[in-house]
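Asker: Okay, handing you the structure first.
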Amino acid sequence: MPAPANSVNKPELVVVNDAMALARAAAQEFCRCAMEAFAASGRFCVALAGGNTPRTVYSLLAEEHRDLAWDKIFIFFSDERHVLPDHPDSNYRMANETLLSRVPIPEYNIFRVRAELAATLAADDYDRRLREFFKLSSGAWPRFDLILLGIGEDGHTASLFPGTSALREQSQLAVANWVEKFQSYRITFTFPVLNHAAEDLFLVSGESKSQVLQEIFNSPPGQAAYPAHTVCPQDGRLLWMADKAAAHLL
Ligand code: 6PG
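For the sequence shown, counting from 1, position 104 maps to 1546 in our numbering; every step adds exactly one.
What follows is the structure in structure tokens.
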């Protein structure tokens, strides 16, 4: 779907029938963003979301879009759990099983969070590699062509959970974030990275997300009830894709 001309800073919402339709629409948007990025810069820099919702998107990309120029696609992660890369909870493992191991993408195009390190070391290492890749001068921010995001029932996105220290981070690109309810660290992009992207794409599926989605879309601008509500690209597109089960209260 082409990006409307006046889409900067205004959240757009696309509602589709069900989870499969959501995955198809998201895969199409991924490809659209990729083609746009190839034309503009010769490469596509995309950050993948973790959790369950994106699994089918990644499988569809592997099964139906193997012909993309994967050698010009650079894969990052919006966040990662503090576990080994082969752990069942690893976002890298999920993306590798569903997509990365099934398409001809060079290993060096994949920027896995080295979550086997101590959490702060993993975050600092990821931060450093991001700055190197995007050739950032001090105080500059990367401009991802696309950042995929999900949302939790508590309104978190990436691993920016309510009440956690990472919500306040304004200088690092990636930080280790202690999440009390999990009694564990997460490594996550910070809000400035999300808000400097060319496009942030939220994927929301299922009845369990309907309440938080309604509160986000119905709360007045500027009153960020939840972390996900703080995502607002300064010069980019904010696109929400939801299935009917998630969007039925809107
Ligand atoms: C993670 C994700 C997280 C996820 C939401 C939604 O590491 O879990 O980055 O932000 O997107 O929790 O997860 P589901 O898609 O599983 O509902």
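Even for Gly, the Cβ is constructed at its ideal location relative to N, Cα and C.
Everything numeric in this text was worked out from a predicted model, so none of it was measured.
Quick one: residues in its chain with C-beta nearer than 7 Å to the C-beta of PHE1480, no 5 flanking neighbours on either side, listed in chain order?
Answerer: Here the set comprises PHE1486, ALA1511, LYS1514.
Asker: Compare the Cα-Cα distances from ASP1694 to each of SER1532, HIS1524, ALA1618, GLU1595 and report the closest residue.
Answerer: Within the shown structure, residues of the chain are numbered from 1443 to 1692, placing residue 1694 beyond reach of any answer.
Asker: So what does DSSP say about GLU1611, is it helix, strand or coil?
Answerer: Residue state, collapsed to three classes: coil.
Asker: Within the present structure, is the beta-carbon of ILE1593 separated from the nearest heavy atom of ligand 1 by less than 8 Å?
Answerer: Under cutoff, so the answer is yes.
Asker: What is the DSSP secondary structure of LEU1437, reduced to helix, strand or coil?
Answerer: Nothing can be reported for residue 1437, as the shown portion of the chain is limited to 1443 through 1692.
Asker: Would you call the region 1598-1610 in contact with the region 1652-1670, where contact means no fewer than 3 C-beta pairs closer than 8 Å?
Answerer: Segments in contact, yes.
Asker: Does the beta-carbon of LEU1645, which I'm using as the reference point, lie nearer than 8 Å to any heavy atom of ligand 1?
Answerer: Correct: LEU1645 has its Cβ closer than 8 Å to ligand 1.
Asker: Give the C-beta separation of LEU1503 and LEU1541 to the nearest angstrom, bearing in mind that I take them to be a contact with Cβ-Cβ under 8 Å.
Answerer: Right, their Cβ atoms sit about 6 Å apart.
Asker: How long is the line joining the alpha carbons of ARG1466 and ASP1528, rounded to whole angstroms?
Answerer: Cα to Cα, the separation comes out at about 27 Å.
Asker: Any contact between the region 1618-1638 and the region 1555-1569? By contact I mean 3 or more CB pairs, one from each, below 8 Å.
Answerer: Flag = yes, the region 1618-1638 and the region 1555-1569 touch.
Asker: Could you pull the start and end residues of the beta strand (DSSP E) that CYS1473 belongs to?
Answerer: First-last for CYS1473: 1461-1483, but that is the alpha helix (DSSP H), not the beta strand (DSSP E).
Asker: Restricting to Cα atoms, I'd like to know which of SER1650, PRO1604, LEU1590, SER1647 is closest to GLY1492.
Answerer: With distances taken between Cα atoms, GLY1492 lies closest to LEU1590.
Asker: Can you tell which of PRO1662, SER1501, PRO1584, ASP1569 has its C-alpha closest to the C-alpha of SER1543?
Answerer: Of PRO1662, SER1501, PRO1584, ASP1569, the residue nearest in Cα terms is SER1501.
Asker: Please specify which runs of the beta strand (DSSP E), each continuous and at least 3 residues long, are wholly inside the region 1486-1520, giving them in chain order.
Answerer: Entirely contained in the region 1486-1520, the beta strand (DSSP E) runs reaching 3 residues are, in chain order, 1486-1490, 1515-1519.
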